[in-house]
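Next up, the structure:
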């Protein structure tokens, strides 16, 4: 096998997307965004993405959010992780959400 063919074969075999490692800070922003949108079963991936972008998180794909939301819902149902408690979606403003800045 020629080296050019081998490199093409390796490229085809590699996954097209890389695995995203959710840090504790990123997960906490995700949890706050889920709570802002009404909880794990009311939050929709597209709205979550927009909310997280408003909170300063860029670069996440819808697929990243969908898979993390699915795992988060499962953990909430099992009682392994309690949903983040907030006073209510109307009492949280964008400024209150931006209060948590993972980059400082």
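Numbering (the numbering used here), first residue to last: 981 to 1084.
Even glycine gets a Cβ: it sits at the ideal position worked out from N, Cα and C.
Pairing residue 1016 with residue 1026 gives a Cβ-Cβ distance that is not under 9 angstroms. Within the model, the alpha-carbon separation for residue 1057 versus residue 1010 is close to 17 angstroms. Excluding the 5 residues flanking it on each side, residue 1002 has same chain C-beta neighbours closer than 8 angstroms at 1010, 1048, in chain order. Sixteen is the threshold: when 16 or more other Cβ atoms of the shown chains lie within 10 Å of the Cβ of residue 1013, as they do, the residue is buried. If you draw a 10 Å sphere on the C-beta of residue 1034, you find fewer than 16 other C-beta atoms in it, and that means exposed.
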